[in-house]
Each structure stands twice: as structure tokens, then as C-alpha cells.
Amino acid sequence: MTVHWPSNGGNDQPTLLPRSSGATAAVVQRRFALIVDHRDALLLWAGGLTYEQTAAVLQVPLNTVKVWIFRARGRLRELLG
Numbered sequence: 003m004t005v006h007w008p009s010n011g012g013n014d015q016p017t018l019l020p021r022s023s024g025a026t027a028a029v030v031q032r033r034f035a036l037i038v039d040h041r042d043a044l045l046l047w048a049g050g051l052t053y054e055q056t057a058a059v060l061q062v063p064l065n066t067v068k069v070w071i072f073r074a075r076g077r078l079r080e081l082l083g
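Start counting the sequence shown at 3; every next residue gets the next number (the working numbering).
Structure, rendered in C-alpha cells:
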């Protein structure tokens, strides 16, 4: 399964996240500790897509997306302690 993320407007430089807080940086860094499918679902949902839209993008059943997001959020809570 491949998720195509929006481009950064043709700019070859990576899009950088704003430095708002240490907590944000910790979440961004720890997202790589998540299972790929769980991470993709969480990022799409946190980016503003509904569960239904996230399921359509990832081409998986709705309940699968709900479980993946639930597990990803729980894992992030553990990692951020």
C-alpha cells in the first residue's frame, strides 16, 4: 500500500514543520516508531480527513482505520509517557 502525500508546490526542498514546542517535536520524532499502516492512518486523520475518507485513501475497511488510529494513539501515549 502506498500513500501519496501532497507535494510541496514543486519545491525540491523538504517541507519543514514549525518549531512550536518540544512536545510537537517529540510527537513528530516518535511517529516513526509506529507501524507504517497505523502511522499513515493517524497522519491522514490528524490532517483533517474523516475516518471514512482515510479508509478510502488507504483502501481498507472503515473499522480497520478506526482500529489503526486507536492503536497508533495508544502507542504515542506510551512513547510520550
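Glycine included, C-beta positions come from ideal geometry on N, C-alpha and C. This structure is a prediction, so every number in the text was calculated from the model and none was measured.
query, result
"Which of helix, strand or coil DSSP assigns to threonine 56", "helix"
"Start-to-end residues for the alpha helix (DSSP H) that takes in leucine 81", "64–82"
"Terminal residues of the alpha helix (DSSP H) in which leucine 46 lies", "38–48"
"Three-state secondary structure assigned by DSSP to leucine 51", "coil"
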